[in-house]
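Sequential numbering from 307 applies to the sequence shown in the working numbering.
The next block holds one structure in the form of structure tokens; read it before the comments.
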Amino acid sequence: MKISYKWLKDLLSFDLSAEETAVYLTNCGLEVEGMETFETVKGGLRGLVIGEVLTCEAHPNSDHLHVTTVNVGAEEPLHIVCGAPNVAAGQKVVVATIGTVLYSGDESFTIKKSKLRGEPSEGMICAEDEIGLGSSHDGIMVLDPEAVPGTPASQYFNVESDTVFEIGLTPNRCDAISHVGVARDLYASLVRNGVECSPLVLPSAHDIKPISNVKFHIDVTVENTKACPRYSSLYLDNVKVADSPEWLQTKLRSVGIRPINNVVDVTQYVMLEVGQPMHAFDADKIKGNKVIVKNLPKDTPFVTLDGNEIKLHEEDLMICNEEEGMCIAGVYGGLHSGITRETTRVFLESAYFNPVSIRKTAKRHGLKTDASFRYERGCDPDITIYALKRAANLIQSLTGANMLADINDIYPVKIEPACITLHYDEVNKIAGKVIPKDEVIKILQLLNIKLNSFEEDFCVVTVPLNKVDVTRPIDLIEEVLRIYGYNNIEIPDTIQFKLSSCQGQNLAYQMQMTASRYLADNGFYEVVNNSLTRGDYAEQFDFIPANETVKLLNPLSTELNVMRQTLLFGGLENVARNVNNKNANLRLFEFGKTYSLNPAAEQGADVTVRYQEKEELALFVTGKMGDDSWNHRAEDLDVFYLKNMIVNMLNRLNFPVEQLTGRVEENARMFSDHYSYYLKDERIATFGVVSPAVLKAVSLKKPVCYAELNWPAIVRNVNTSVEYTKIATYPAVKRDLALVVDKSVTYETLVQIGYKFGSKLVKKISLFDVYEGEKVGHDKKSYALNFVLQHPDKTLTDEEINKVMNKLIAAYEREVSATLRS
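If you want it as structure tokens, here you go:
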């Protein structure tokens, strides 16, 4: 944001250079990111002086040059060769002395001492186009005879120069989005630091008495008071539209605004001065003499001021006449309602629009204007009338206009300022030092924050509506510290810290760290994806319930317009991106939350009932475990690898893996085939190969295995008490059984039977072969199991081993009708 140094000095009287002022602005939170010099004439006419031509003779070696001597107020006159046909003795002229830089557009050249056709020349007598004061090049400029030789040309022509600050304004500082706003903070900072400065006085905005004998009226109606809480307006007659006076054009140009005409320039000037955007309409173009603030139907065409046609959204707030839209409220004017040289009646608008509405509309249509920049941050609803009067006063003084009726102010529900209680000990705690409470009160009052009550330990204040971001005590503390100066808070010699009262770390966090370390140690990389995702995933796949999708009201884009209901697509997008970059062997994991809407919740129900949030752990594997080498072929990262990782990780977390039951899931469109683990009836993990249709949605062709773990259920069921046992010193014994069972019997069932009925001597059961074929029957399957038996205190005898194995065989025969394979 550009702020003029001279403009600030018009509002405040202080004796500081631009550089010193920049320091105070930065110290009070308005960081000056850069400074530039603005000049009404490029170069500021530096090096140019007024001269008097003492003599003028024909050049001995040229038929069109003249040799002159010119008095420029120095001890000796300058010898200058001049080619202008109108140069003559006795004239007062503009002289560029040696070293002066003259500008021509973006180019420049420096005046040097030289010889022209053998005659020395110590400067240049200038034409008006050569120094930026006009376009004529017919001859040199001849000045008034009263001009005094030696006078700097910048002084003679009253050339203005200004320093313009480029302030890096943060989005929350809408109160400082004008020269008055910046001057308010600067005044507080200067007074706080003991710099003499006159109080800030708002520019004059007196009442104008309307003409009573003119019958002209415009009805104003606000249909959408939520998007437009306040709408103030007036209309002027006898307006003479012309170029603005030089002082107004200079003010606007100094901060980068192009002058247009006196009416439009006044609205821009008031906006830059006090921060209130305004809009001027040609009143004679308002059809039906009605102004209606409302929304128009979706896809209504509207032609903007620059001639582009756009299709309106149903949420775009419009300023309309009886037949059509005239302006996108707070954003952009229309082509056919603006001020022209033929305008004689002006309808002037000064409104307060809802910042969210303006921000959405501006973003939706890609329109960024000075007005939307201010409105979307939040303007002061209390200033609309003042701004109207200020603009009307200026237009009246510049054009001789008359006001046709009293100001029309539609303000159905008054916006009340925030009332905040501020405790002094909180200020000191945040600041890290004791700031006297009198100092705190003084700073608040310097910022126009009204003091309601003053107690020993706290004060109660009312915050003006221009400070939209100040709603809490911490915001007030920020205001105090800005003006007090962060540079005035000493860096302590010791570090202050507060011990947490937390007794140990949260179990869920401990388990997450343990799982993360385990996965990382096994070659997995952790990913963190956005909680927002594409809404069309729910439209493509019915395993994502569309009626449970949480949609954003103001999405950044169509790719981030809903909350994710699964971690699947974020991880697959990671895989696709890596595969495209030739990184095909991947092991990824993500701890994240998924979000869904409860369709059974009643309208108006509590947010904790309407919305559901789940913590999940997702695993992704694809490709191989590594690169192939001359003596080794890397193993594939398949679903069996993924299953082992899940089981081993659960074991590492001390989860009761032996109590899990497995189910082969069917008809799931997320996977080609997949498997789930349950603890009782609660799903613990689901894993499998992602279906080709899902992979196609993210442009993947190679297979990817995916696992989804119910993290809260895992944490809830881990065994937090660890039992330690002595390492067995006696040998273990291995025995094998080949069991023929029905195809419906799973290996998991056999393991559970083995541990349940095989006594405590059975330490491990593993599978080393599976057979299906004619030798066992078409509806049968053979599992070859290896059993590890071990006693902690002695060596097992053959009799004891046989007893355990017979017991196992009997249990398998009894529980699943198993037979021993011959």
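Where is the CB? At the ideal position from N, CA and C, for every residue including glycine.
These numbers come from a predicted model, not from an experiment.
* Lys617, buried or exposed, once every other Cβ within 10 Å from all chains shown has been counted against 16 -> By one-based count along the sequence shown, residue 617 stands at place 311. Per the 10 Å Cβ criterion, exposed.
* Residues near Gly411 in its chain [Cβ-Cβ closer than 6 angstroms; skip 5 each side] -> Within the sequence shown, the letter at position 105 stands for residue 411. Answer for Gly411: no residue qualifies.
* Taking the CB atoms as reference points, tell me whether Glu630 and Asn601 lie closer together than 8 angstroms. => Taking the first residue of the sequence shown as 1, we reach residue 630 at position 324. Taking the first residue of the sequence shown as 1, we reach residue 601 at position 295. No, these two residues do not count as a Cβ contact at 8 angstroms.
* Asked: For the alpha helix (DSSP H) that contains Asp827, what are its first and last residues?
  -> Within the sequence shown, the letter at position 521 stands for residue 827. First-last of the alpha helix (DSSP H) with Asp827: 813-827.
* Asked: Thinking C-alpha only, which one of Ser1088, Leu728, Phe847 is nearest Ser1123?
  -> Translated into positions along the sequence shown, residue 1123 becomes position 817. Out of Ser1088, Leu728, Phe847, Ser1088 has the C-alpha closest to the C-alpha of Ser1123.
* Does the beta-carbon of Ala414 have 16 or more other beta-carbons within 10 angstroms, so that it is buried, or is it exposed? -> For the purposes of this step, residue 414 is identified with residue 108 of the sequence shown, where counting begins at 1. One point to set straight first is that residue 414 is Ser, not Ala, in the sequence displayed. Exposed is the call here.
* Asked: Is the beta carbon of Leu1045 sitting closer than 8 angstroms to the one on Arg1127?
  -> Residue numbering aside, residue 1045 sits at position 739 when the sequence shown is read from its first letter. Residue numbering aside, residue 1127 sits at position 821 when the sequence shown is read from its first letter. Result yes, Cβ atoms of Leu1045 and Arg1127 sit closer than 8 angstroms.
* To do: With DSSP as the reference, label Thr469 as helix, strand or coil.
  => To locate residue 469, count along the sequence shown from 1; it is residue 163. In this structure, Thr469 counts as strand in the three-state DSSP scheme.
* Inter-residue Cα distance where the pair is Tyr409 and Ile437 -> Looking up residue 409 in the sequence shown gives position 103. Looking up residue 437 in the sequence shown gives position 131. Computed Cα separation, rounded: 7 angstroms.
* Among His938, Met931, Val881, Thr855, which has the Cα closest to the Cα of Tyr917? -> As a position in the sequence shown, residue 917 is number 611, starting the count at 1. For the residues His938, Met931, Val881, Thr855, the minimum Cα distance to Tyr917 belongs to Thr855.
* Tell me the DSSP bridge mates of Glu358? -> Numbered from 1 along the sequence shown, position 52 holds the residue referred to as residue 358. Paired residue(s): Asn377, Lys398.
* To do: Leaving aside the five residues before and after Val1021 along the sequence, list all residues of the same chain whose C-beta is less than 7 angstroms from its C-beta, in chain order.
  => The residue you call residue 1021 lines up with position 715 of the sequence shown. Closer than 7 angstroms at the Cβ level, and outside the excluded window around Val1021, lie Leu813, Ala814, Met817.
* Asked: Arg883: which of Asn904, Asn835, Ile850, Lys515 sits nearest, CA to CA?
  -> Here residue 883 is taken as the residue at index 577 of the sequence shown, counted from 1. That would be Asn835, whose Cα lies nearest to the Cα of Arg883.
* Asked: At a cut of 8 angstroms, does the stretch 1089-1096 reach the stretch 1028-1046 through at least three beta carbon pairs?
  -> yes
* Distance between Ile689 and Val662 (C-alpha atoms, nearest Å) -> For the purposes of this step, residue 662 is taken as the residue at position 356 of the sequence shown. For the purposes of this step, residue 689 is taken as the residue at position 383 of the sequence shown. Going from the Cα of Val662 to the Cα of Ile689 covers about 19 angstroms.
* Buried or exposed: Ser310, going by 16 or more other Cβ atoms within 10 Å of its Cβ? -> Your numbering for residue 310 matches position 4 in the sequence shown. So Ser310 ends up on the buried side.
* If Leu750 sits next to Val776, beta carbons under 8 angstroms apart, how far is it from one beta carbon to the other, in whole angstroms? -> Translated into the one-based positions of the sequence shown, residue 750 becomes position 444. Translated into the one-based positions of the sequence shown, residue 776 becomes position 470. 10 angstroms between Cβ atoms; not a contact.
* To the nearest angstrom, how far is it from the Cα of Ala589 to the Cα of Asn567? -> Here the question's residue 589 lines up with position 283 in the sequence shown. Here the question's residue 567 lines up with position 261 in the sequence shown. One C-alpha to the other measures close to 16 angstroms.
* **Extent of the continuous beta strand (DSSP E) run through Ile386** => Taking the first residue of the sequence shown as 1, we reach residue 386 at position 80. Its beta strand (DSSP E) spans residues 384-388.
* Tell whether a beta-carbon distance below 8 angstroms holds between Tyr493 and Ala711. => Along the sequence shown, one-based indexing puts residue 493 at 187. Along the sequence shown, one-based indexing puts residue 711 at 405. No, the Cβ-Cβ distance between Tyr493 and Ala711 is not below 8 angstroms.
* For His980, the residue or residues it bridges with in DSSP -> Along the sequence shown, read from residue 1 onward, the residue named residue 980 stands at position 674. Looking at the DSSP assignment, His980 forms a beta bridge with Glu971, Gly994.
* With C-beta atoms as the reference, is Glu655 less than 8 angstroms away from Phe587? -> Reading the sequence shown from its first residue, position 349 is the one you call residue 655. Reading the sequence shown from its first residue, position 281 is the one you call residue 587. Taking 8 angstroms as the Cβ cut-off, Glu655 and Phe587 qualify as a contacting pair.
* Measuring CB to CB, does Ala1013 end up less than 8 angstroms from Ile1059? -> In the sequence shown, the residue the question calls residue 1013 occupies position 707. In the sequence shown, the residue the question calls residue 1059 occupies position 753. No, these two residues do not count as a Cβ contact at 8 angstroms.
* **Interface flag, Glu358 vs chain B, CB-CB below 8 angstroms** => Given the protein chain composition of this structure (a single chain), no chain B is represented.
* Asked: Considering only residues of the same chain and omitting the five flanking positions on each side of Lys315, which have a CB-CB separation below 7 angstroms?
  -> In the sequence shown, residue 315 corresponds to position 9, counting from 1. Closer than 7 angstroms at Cβ, skipping near neighbours: no residue.
* Reference Asp715; option with closest CA among Thr839, Pro505, Thr531 -> As a first step, residue 715 must be located in the sequence shown, where it is residue number 409. The candidate whose alpha carbon is nearest that of Asp715 is Thr531.
* To do: Below 8 angstroms CB to CB, which residues in the same chain sit around Arg564 once its five sequence neighbours on both sides are set aside?
  => For the purposes of this step, residue 564 is identified with residue 258 of the sequence shown, where counting begins at 1. Leu558.
* To do: List the whole-angstrom C-beta distance separating Pro383 from Asn377, where the pair is believed to meet the contact cut-off of C-beta under 8 angstroms.
  => Your numbering for residue 383 matches position 77 in the sequence shown. Your numbering for residue 377 matches position 71 in the sequence shown. Sure, about 5 angstroms apart at Cβ, within 8 angstroms.
* Between the stretch 916-931 and the stretch 872-888, do three or more beta carbon pairs fall short of 8 angstroms? -> yes
* Asked: Alpha carbon to alpha carbon, what distance is there between Thr469 and Thr361?
  -> On the sequence shown, residue 361 is found 55 positions in, with the first residue counted as 1. On the sequence shown, residue 469 is found 163 positions in, with the first residue counted as 1. Each residue's alpha carbon lies about 41 angstroms from the other.
* Does the count of Cβ pairs from the stretch 447-466 and the stretch 386-400 closer than 8 angstroms reach three? -> yes
* To do: Give every residue of the same chain whose Cβ lies closer than 7 angstroms to the Cβ of Ala533, excluding the five residues on either side of it in the sequence, and list them in chain order.
  => Taking the first residue of the sequence shown as 1, we reach residue 533 at position 227. If we look at Ala533 and ignore the five residues flanking it on each side, its Cβ neighbours are Leu623, Phe659, Asn660, Ser663.
* Asked: Would you report the Cα separation of Phe320 and Lys348, rounded to the nearest angstrom?
  -> Working through the sequence shown from its first residue, we reach residue 320 at position 14. Working through the sequence shown from its first residue, we reach residue 348 at position 42. Distance between the alpha carbons of Phe320 and Lys348: 28 angstroms.
* To do: Compare the Cα-Cα distances from Leu943 to each of Asn937, Pro718, Lys1008 and report the closest residue.
  => For this step, residue 943 is matched to residue 637 along the sequence shown. Residue Lys1008 is the option with its Cα nearest to Leu943.
* Environment of Tyr575 [buried if 16+ CB atoms lie within 10 Å] -> As a first step, residue 575 is located in the sequence shown; it is residue number 269 there, counting from the start. Per the 10 Å Cβ criterion, buried.
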